[in-house]
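Take a look at the structure below.
Residue numbers (the numbering used here): 16 to 259.
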């Protein structure tokens with residue numbers, strides 16, 4: 016009997032996983048944010064997310080503002096004093112400048128917008144790989160079905176020839192020749208069965224690869240949800256201009 020393979024079975028199993036991942040990401044949007052480590056001198060940091068931060072000429076609010084750095088601007092921390100002010104170095108055009116700002120306004124990783132774009136690119140690559148593996152799996156399934164059809168046909172031919180051989184043995188002295196033909200058919204049947212086993216193994220390997228890709232996609236969507244939660248969280252209360 017021919018064994019049919021449902022080409023949509025992998026997708027039907029993977030859709031609940033993707034849905035659960037998206038729901039989990041939505042739940043985490045408003046409840047979790049990425050922790051930011053304290054500023055450390057000697058490392059590249061980034062101006063904190065979603066605001067423009069003033070750079071002052073000295074370590075304190077009493078000093079004049081020399082520049083306004085946009086969110087996500089990379090800066091190098093030269094030192095951090097005991098009052099929590101960081102002496103930073105940054106580039107503006109082709110020139111390098113230095114100044115001071117509160118170290119609390121710096122974070123040691125790119126802003127959520129940049130990380131979100133990087134994650135989207137990674138997710139797109141995973142999806143492209145998944146689509147490629149899906150096409151390969153469908154091709155293997157088509158070959159498997161064709162081999163199964165051929166195997167069923169050969170088995171039927173073998174049965175019919177066996178019946179015919181028995182009949183000829185009873186009415187003809189040419190039983191030896193028919194027996195040789197029957198042996199040849201058995202050899203052919205064994206070859207087809209071997210090919211069928213190889214194709215089954217290839218299909219199993221392809222399905223395992225697709226499951227792994229779905230797992231990576233689910234993890235990427237979860238991380239994407241975390242990043243969206245960081246990027247679209249409620250803005251903190253800004254200080255009045257007189258307090259900067």
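All residues carry an ideal CB built from backbone N, CA and C; glycine is no exception.
*For the segment 102-147, list the beta strand (DSSP E) runs that are entirely contained and at least 3 residues long, ordered along the chain.*
Those beta strand (DSSP E) runs which fall completely within the segment 102-147 and span 3+ residues are 110-117.
*Is residue 58 near residue 146, with beta carbons less than 8 Å apart?*
Their beta carbons are not under 8 Å apart, which means residue 58 does not touch residue 146 by this criterion.
*Determine contact between the segment 114-129 and the segment 222-238, defined as no fewer than three beta-carbon pairs at a distance below 8 Å.*
The count of Cβ pairs closer than 8 Å, one atom from the segment 114-129 and one from the segment 222-238, stays below three, leaving the stretches out of contact.
*Look at the alpha carbon of residue 221 and the alpha carbon of residue 127, and state the distance between them as a whole number of angstroms.*
Distance between the alpha carbons of residue 221 and residue 127: 35 Å.
_Same chain only: Cβ atoms within 6 Å of residue 82, ignoring 5 sequence neighbours per side_ = Counting only Cβ-Cβ distances below 6 Å, and skipping sequence neighbours, we find 70.
*For residue 225 versus residue 148, is the C-beta spacing smaller than 8 Å?*
Yes.
*Which term fits residue 47, buried or exposed, when burial requires 16 or more other beta carbons within 10 angstroms of its beta carbon?*
Confidence at residue 47 is low in this model, with a pLDDT of 37, below 50, so the placement of that residue should be treated as unreliable; the coordinate-derived value is given next. By the 10 Å Cβ count, residue 47 comes out exposed.
*Which whole-angstrom value describes the C-beta separation of residue 205 and residue 176, a residue pair presumed to lie in contact below a C-beta threshold of 8 Å?*
Wrong, their Cβ atoms sit about 15 Å apart, outside the cutoff.
*Output yes if chain B places a C-beta closer than 8 Å to the C-beta of residue 87; else output no.*
In the displayed structure, chain B is absent; only one protein chain is listed.
*Are the CB atoms of residue 180 and residue 164 nearer to each other than 8 Å?*
Note that the C-beta distance between residue 180 and residue 164 is not below 8 Å.
*Ordered along the chain, which non-local residues of its own chain (more than five positions away) have a Cβ less than 7 Å from that of residue 134?*
Same-chain partners within the cutoff: 235, 238, 239, 242.
*For residue 217, collect the residues of the same chain with a Cβ closer than 7 Å to its Cβ; drop the 5 residues on either side in sequence, then sort them by chain order.*
Only 155 meet the Cβ criterion.
*Could you tell me how far apart the beta carbons of residue 214 and residue 162 are, in whole angstroms, since I believe they sit closer than 8 Å?*
About 6 Å separates the two Cβ atoms, so the contact holds.
*Buried versus exposed call for residue 99 [16 or more other C-beta atoms within 10 Å across all chains shown]*: Burial is judged here by how many other beta carbons sit within 10 angstroms of a residue's own beta carbon; residue 99 has fewer than 16 and is exposed.
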